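Participant:
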Amino acid sequence: MKNKLLPIFITLIFIIIFIFFYKGLQNTSIYTPQTKISNKIPSFKGDLFYSDETINSSNFFKSEKFYLLNVWSSWCVPCRKEHVLLMDLKEVKKLKVVGINYKDKKINAENFLSELGNPYEKIIFDQEGIIAIEWGAYGVPESFLIKDEVIIKRYIGPLDKKLTEEIKSIIK
Amino acid sequence: MLYSSIGYYALILGLGISLILVYFSIKNFQNSSTLNTKILSFTFLQFFLVVISFVSLVISFVLSDFSNETVFNNSHTTKPLFYKIAGTWGNHEGSLLLWLLVLTLFILIFFLKTKNQPLKYKLLTLIFQQIIIIGFFLFLIQTSNPFNFIFPTPEEGMGLNPILQDPALAIHPPILYLGYVGSSIIFSSALAATYLNLVSKVWASHIKKWIIASWVFLTLGILLGSIWAYYELGWGGFWFWDPVENVSLMPWLALTTLLHCIIVLEKKQVLTSWVIILSISTFTLSMCGTFLVRSGILNSVHTFANDPERGLFILVFLFSLIFISLFIFFFFHKSSPNNSNSFFWLSKETSIIINNWFMMYFLSVVLIGTIYPIFLEVLSSQKISVGPPFYHKLIIPFLIPFLMAMAIGPKLKWIKSNIVDKFYLVLFFAISIVLSFLIVKKFSTNLLINTILVSSALYLFFITLRDFFIRKYSNISQNIAHFGFSLLILSILLNNLFSSEIITNLKVGETFTSSKTKIVFKNINQKQEKNYKSIIANFSIENINETIEDLSPELRIYNQPNIVTSEADIKTTLLSDKFIVINIVQNQDYFNVRYQVKPFMLWIWISVILISFGGLLSFFKREHEK
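Protein chains in written order, with the working numbering: chain Z, 1 to 172; chain U, 1001 to 1626.
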């Protein structure tokens, strides 16, 4: 045996791995995703659409106001219909409309907004669709009503007149 | 009742025979030059006992004998017979019994088939193998007894998890286990050979058969699991870098590397350390996988039950094996002085070494990605999951040189070589680049990296295809396997580049229109089946070229246990798969609809079959036909 250090070193590494696995066994628990009803917003990290700034969940919803988080995409046809209503909601004082741009191409999304107007105060650019997963979104469009970092209500599918009235009344 | 008792006592007897076998083998090893015939009879008897035990579990399942806890937990009277039988290994206890069955079968085959090897080597392999077998016996009897009684006997069972009720999944575990357990023979035999200083060309050509056989089974086992995930889980992919998939991929990578090393060792007394370490790691990685998915330390579809005691048992067992093998490797392995690693730079040996290092790199990426979350959780109680972006970023760039080396490597000769056919090598390279540029250009994103990637895959594709026809480098099995691999990478790349996806929420009667496709949600039908209720949604998809296709994905609401599964509807053609799956949106009239067009899916499956076929050919190839 030329080198006595090597076996000792490798054995040590394996002992350390053993300890880690052993410790890991102790705090075994099945990971259950949180239930999605009226709980805190998920933590996420993402890039903003118009700047290269990275934001994370803790400073995204920090204002006192209500937030409407809308998951949208330029290729999504119902989003187009819904967009008028979002433009309308933009004018509501106590509400901030924010967006997650889901699995989209930047150019298409920009064209979409310049054609129909931009209701969003901020947009998170979610090209891979990962942030939408964090939110447990089913697809596009989908909207979450948020106050104080808590999801109050969730709307699957496009918003309509009735639902926007509902949102307005909740805010009041 | 009766069958459970028979099964249980057969297991106890089997364990007893293990001890007797170890005793006889050690005695025989010390002072005799002829094989004690009792050893062979006892090995056979042990196999027979495990068969009895396994068959009685199967019978308990078929008869729906709910006095047996395993049957109660995993079966139901309304389940079709086929799934009653397959349910035997669709749970923790039963699958371990299956594992044990294969273990005892393989050592028997090993004993019957190994002829021209020293007796001491055979005995020592048997002893190591019996240590593993004893470990599994103890594990089964102590912590995972498949024959526990329940009293009073329940009227009805809990049912088999519906997502496991699938033909591909019924044969996936047995095939995969043949691969895993085959690697245990390689492990025992490598330790025995190291101890006796027998790691040589003769040993290499003897163990090569086992390596190839395990490799073919492992490849097919992974393929079946992947096919199942593709159409049953409804996520629209075939590989998710889930811990469960990773733990089968790691032994595969190690085994593939071993396969290449053993080819070198068969020709020349070199790379012995590589061969021994890889033999050890292939099996320990399989065991490590068992630990990770069965102990509940990682959460996955294979986590049948969370029992820390089980986890601890496998952990201690796994590390005992690791330390035994480390001890044997460090104290008994003598690398002979004349086998220095100084190869001529341009030779087959060098190219295989290069292949080894690439494989080791891929292996460590997968290993770190899989176990890092455990380490992090222990250190900082943070829960993270490592997803595809990590693997893609680390693996894809290295695929490029790997593919190129794979195209050129097999053309080189042993010891010293020149590159021949330079003209064709360059010509094909140019063609590949132009072709892939034209393909990728249509899709503007990441033009450079995609062009390089596709062209390196195409390069390997053309080179292997040409070799196949000229047959100058006559190793047909290698040629087919490499061709299959190039096809696999090519299909995966094109699949990634050209896939398109629409995710939307629709009510019955609604239509989704995008620039290329129109999805009409026509209606839904309900049907009552034997053990589930099915909701079939009918869609018609209109494409841009005005072809209309009807697709009918299904939701199944199983009665026992009460679980909803989605069955995707897939239209497969040579060029692409059209895949649609629906999900219930809670308390809403909407269905979540996911429609995907996935090109070249079929070719991914075909190419893996080709790869295994290459291995199979090599298994049946006659010795020394070069």
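Idealized CB from N, CA, C, for every residue including glycine. Remember, it's a predicted structure, so these values are computed and weren't measured experimentally.
1) Run down chain U in chain order and give the residues with a C-beta less than 9 Å from the C-beta of F144/Z.
2) Would N1073/U be called buried (16 or more neighbouring beta carbons within 10 Å of its own) or exposed?
3) In whole angstroms, give me the CA-to-CA distance for F1498/U and K1084/U.
4) Go to V1202/U, then tell me how far its alpha helix (DSSP H) extends in each direction, as first and last residue.
5) Grab the span of the alpha helix (DSSP H) containing D185/Z for me, first residue to last.
6) Under 7 Å Cβ to Cβ from A205/Z, same chain only, skipping five residues before and after it: list those, please.
7) From S58/Z to H1092/U, what does the alpha carbon distance come to, in whole angstroms?
8) Along the beta strand (DSSP E) that carries I100/Z, what are the first and last residues, could you check?
9) Do we get a CB-CB distance below 8 Å when we pair N1543/U with the residues of chain Z?
10) Report buried or exposed for P1251/U, applying the criterion of at least 16 other Cβ atoms within 10 angstroms of its Cβ.
11) Do the CB positions of N1028/U and L1108/U come within less than 8 Å of each other?
12) Taking Cβ-Cβ distances shorter than 9 Å, what residues in chain U pair up with I167/Z?
13) Where does W1241/U fall in DSSP's three states?
14) Whole angstroms are fine: how far does the CA of L1412/U sit from the CA of L1346/U?
15) If G1179/U and L1218/U are in contact, beta carbons under 8 Å, what's the gap, nearest whole angstrom?
16) In the DSSP assignment, find the unbroken beta strand (DSSP E) run with P1599/U in it and report its ends.
17) Quickly, what does DSSP pair W72/Z with across the bridge? List them, please.
18) According to DSSP, what are the bridge partners of K40/Z?
19) Using the rule of at least 16 other Cβ atoms within 10 Å of the residue's Cβ for burial, across every protein chain shown, is M1001/U buried or exposed?
20) Listing by chain order, which chain U residues have their CB less than 8 Å from the CB of K23/Z?
21) Is A1010/U close to the ligand FMN? I mean its beta-carbon at under 7 Å from any heavy atom of the ligand.
22) Tell me whether the beta-carbon of T1088/U lies closer than 8 Å to the beta-carbon of V1050/U.
23) Near L1021/U, what residues of its chain come up, given a Cβ to Cβ distance below 6 Å and the 5 sequence neighbours on each side ignored?
24) Does DSSP put G1627/U in a helix, a strand or coil?
25) Can you give me the Cβ contacts of Y155/Z inside the same chain, cut-off strictly under 8 Å, excluding the 5 residues immediately before and after it?
26) Which whole runs of the alpha helix (DSSP H) in the stretch 108-161 of chain Z are 4 residues long or more, in chain order?
27) Looking at C-alpha atoms only, which residue of F1323/U, Y1121/U and S1566/U is the closest neighbour of N1592/U?
28) Compute the beta-carbon to beta-carbon distance between I1384/U and L1376/U, rounded to the nearest angstrom, for a pair I have assumed lies under 8 Å.
29) Which complete alpha helix (DSSP H) runs does the stretch 1093-1147 of chain U hold, if anything under 4 residues is left out?
30) Starting from E1377/U, trace the alpha helix (DSSP H) both ways and give me its first and last residue.
31) Alpha carbon to alpha carbon, how far is I1171/U from N1545/U? Give it in angstroms, no decimals.
32) Against chain Z, which members of the stretch 1121-1137 of chain U pass a CB distance test of less than 9 Å?
33) Short of 9 Å Cβ to Cβ, which residues in the stretch 1311-1322 of chain U face chain Z?
34) Can you give me the C-alpha to C-alpha distance between G139/Z and I1492/U, rounded to a whole angstrom?
35) Just the C-alpha distance for A1010/U and V1365/U, rounded to the nearest angstrom, thanks.
36) Is any beta-carbon of chain Z found at less than 8 Å from that of F1375/U?
Facilitator: Quick answer:
1) As a first step, residue 144/Z is located in the first sequence; it is residue number 144 there, counting from the start. None at all; the shortest Cβ gap to chain U is about 14 Å.
2) On the second sequence, residue 1073/U is found 73 positions in, with the first residue counted as 1. Counting Cβ neighbours within 10 Å, N1073/U comes out buried, since at least 16 surround it.
3) Within the second sequence, residue 1498/U is the residue found at index 498, counting from 1. Within the second sequence, residue 1084/U is the residue found at index 84, counting from 1. One alpha carbon belongs to F1498/U, the other to K1084/U, and they sit about 41 Å apart.
4) For this step, residue 1202/U is matched to residue 202 along the second sequence. Run containing V1202/U: K1201 to W1228, per the alpha helix (DSSP H) assignment.
5) Residue 185/Z cannot be examined here, being either before or after the span of chain Z that is shown, 1 to 172.
6) Because chain Z spans 1 through 172 in this model, residue 205/Z falls outside it and cannot be assessed.
7) Taking the first residue of the first sequence as 1, we reach residue 58/Z at position 58. Taking the first residue of the second sequence as 1, we reach residue 1092/U at position 92. Whole-angstrom Cα-Cα distance: 42 Å.
8) Sequence index remark: in the first sequence, residue 100/Z carries index 100 (1-based). It spans L95 to Y102 - the beta strand (DSSP E) in which I100/Z sits, taken as one unbroken run.
9) Taking the second sequence and counting its residues from 1, the one referred to as residue 1543/U is at position 543. Closer than 8 Å: no.
10) Mapped onto the second sequence, residue 1251/U falls at position 251. Counting Cβ neighbours within 10 Å, P1251/U comes out buried, since at least 16 surround it.
11) Residue numbering aside, residue 1028/U sits at position 28 when the second sequence is read from its first letter. Residue numbering aside, residue 1108/U sits at position 108 when the second sequence is read from its first letter. No, Cβ-Cβ distance for N1028/U and L1108/U is not below 8 Å.
12) One-based indexing of the first sequence puts residue 167/Z at position 167. Among the residues of chain U, none has a CB under 9 Å from the CB of I167/Z; the nearest is roughly 17 Å distant.
13) Position 241 of the second sequence, counted from the start, is the residue given in the question as residue 1241/U. Of the three classes helix, strand and coil, the one that applies to W1241/U here is coil, per DSSP.
14) Here residue 1346/U refers to the residue found at position 346 when the second sequence is read from its first residue. Here residue 1412/U refers to the residue found at position 412 when the second sequence is read from its first residue. The straight-line gap from Cα to Cα measures roughly 7 Å.
15) By 1-based counting over the second sequence, the position of residue 1179/U is 179. By 1-based counting over the second sequence, the position of residue 1218/U is 218. Going by Cβ atoms, the distance from G1179/U to L1218/U rounds to 3 Å, so yes, they are a contact pair.
16) Locating residue 1599/U in the second sequence gives position 599, counting from the first residue. Secondary structure note for P1599/U: its beta strand (DSSP E) is the uninterrupted segment F1591 to P1599.
17) What you label residue 72/Z is simply residue 72 of the first sequence in a count that begins at 1. For W72/Z, which the question treats as bridged, DSSP gives the partners N101/Z.
18) Counted from its first residue, the first sequence places residue 40/Z at position 40. As a beta-bridge residue in DSSP terms, K40/Z pairs with V150/Z.
19) Within the second sequence, numbered from 1, the residue matching residue 1001/U stands at position 1. M1001/U comes out exposed.
20) Within the first sequence, residue 23/Z is the residue found at index 23, counting from 1. The answer, in chain order, is V1378.
21) For the structure depicted, the ligand FMN is absent and the ligand set is empty, with no information on it obtainable.
22) Within the second sequence, residue 1088/U is the residue found at index 88, counting from 1. Within the second sequence, residue 1050/U is the residue found at index 50, counting from 1. It is not a contact, given that the beta carbons lie outside the stated cut-off.
23) The residue given as residue 1021/U occupies position 21 in the second sequence. For L1021/U, where only same-chain residues beyond five positions count, the Cβ hits under 6 Å are F1042 and Q1130.
24) A question about residue 1627/U goes unanswered here, because the residues of chain U that appear run from 1001 up to 1626.
25) Looking up residue 155/Z in the first sequence gives position 155. Scanning its chain for C-beta atoms nearer than 8 Å, with the 5 sequence neighbours on each side dropped, one finds around Y155/Z the residues E142, S143, F144, L145 and L163, in chain order.
26) Secondary structure within the stretch 108-161 of chain Z: the alpha helix (DSSP H) runs of 4 or more consecutive residues, fully enclosed, are 130-134 (chain order).
27) For the purposes of this step, residue 1592/U is taken as the residue at position 592 of the second sequence. Checked all of F1323/U, Y1121/U and S1566/U; the closest Cα to N1592/U is S1566/U.
28) By 1-based counting over the second sequence, the position of residue 1384/U is 384. By 1-based counting over the second sequence, the position of residue 1376/U is 376. In this structure, I1384/U and L1376/U form a Cβ contact; the two beta carbons are roughly 6 Å apart against a cut-off of 8 Å.
29) Runs of the alpha helix (DSSP H) inside the stretch 1093-1147 of chain U: 1119-1143.
30) Residue 1377/U sits at position 377 when you count from the first residue of the second sequence. Per DSSP, E1377/U belongs to the alpha helix (DSSP H) from K1348 to S1380.
31) Translated into positions along the second sequence, residue 1545/U becomes position 545. Translated into positions along the second sequence, residue 1171/U becomes position 171. Cα to Cα, the separation comes out at about 40 Å.
32) Residues passing the 9 Å Cβ filter: none.
33) Hits within the stretch, in order: G1311, L1312, L1315, V1316, L1318, F1319 and I1322.
34) As a working mapping, residue 139/Z is identified with position 139 in the first sequence. As a working mapping, residue 1492/U is identified with position 492 in the second sequence. Here the alpha carbons of I1492/U and G139/Z stand approximately 25 Å from one another.
35) Looking up residue 1010/U in the second sequence gives position 10. Looking up residue 1365/U in the second sequence gives position 365. Taking the straight line from one Cα to the other gives about 43 Å.
36) Counted from its first residue, the second sequence places residue 1375/U at position 375. Taking 8 Å as the CB threshold, F1375/U lines the interface with chain Z.
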